[in-house]
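Read through the structure below, which is laid out as structure tokens, and then see the notes.
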């Protein structure tokens, strides 16, 4: 067992271990999959709903936000978690198979809570 006599050293070691885990999680960079933009999650976590209609051309979301998308009689919920603070992509990249979102463009803005 490691005997640490100074509390500051314990805090430093814990911080380094935490940083290493975070870096490893993003070490692979972009994968070219929907995982680059976050993940599909249960609807209960959604903070708001965006209705996609044939007239919808773009949507704005914030990195870290969980959104329920309503497309006709189909729904899906997505938690946005991008490596970059601001990014844009076609909503179809994250929509489940069979959900037609057309050519809606997604604009993800940086979350001010993530900045120091």
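In our numbering, the protein residues as written are 9 to 124. Even glycine gets a Cβ: it sits at the ideal position worked out from N, Cα and C.
Item	Value
Continuous beta strand (DSSP E) assignments of at least 3 residues falling wholly in the stretch 31 to 74	46 to 48, 56 to 60, 66 to 70
Within 8 Å, strictly: CB atoms of residue 91 and residue 114	no
Between the CA atoms of residue 37 and residue 63 - distance to the nearest angstrom	34 Å
Rounded C-alpha distance that separates residue 7 from residue 87	Lying outside 9 to 124, the shown extent of the chain, residue 7 is not represented and no answer is given.
Residue 121 in three-state terms, based on DSSP	helix
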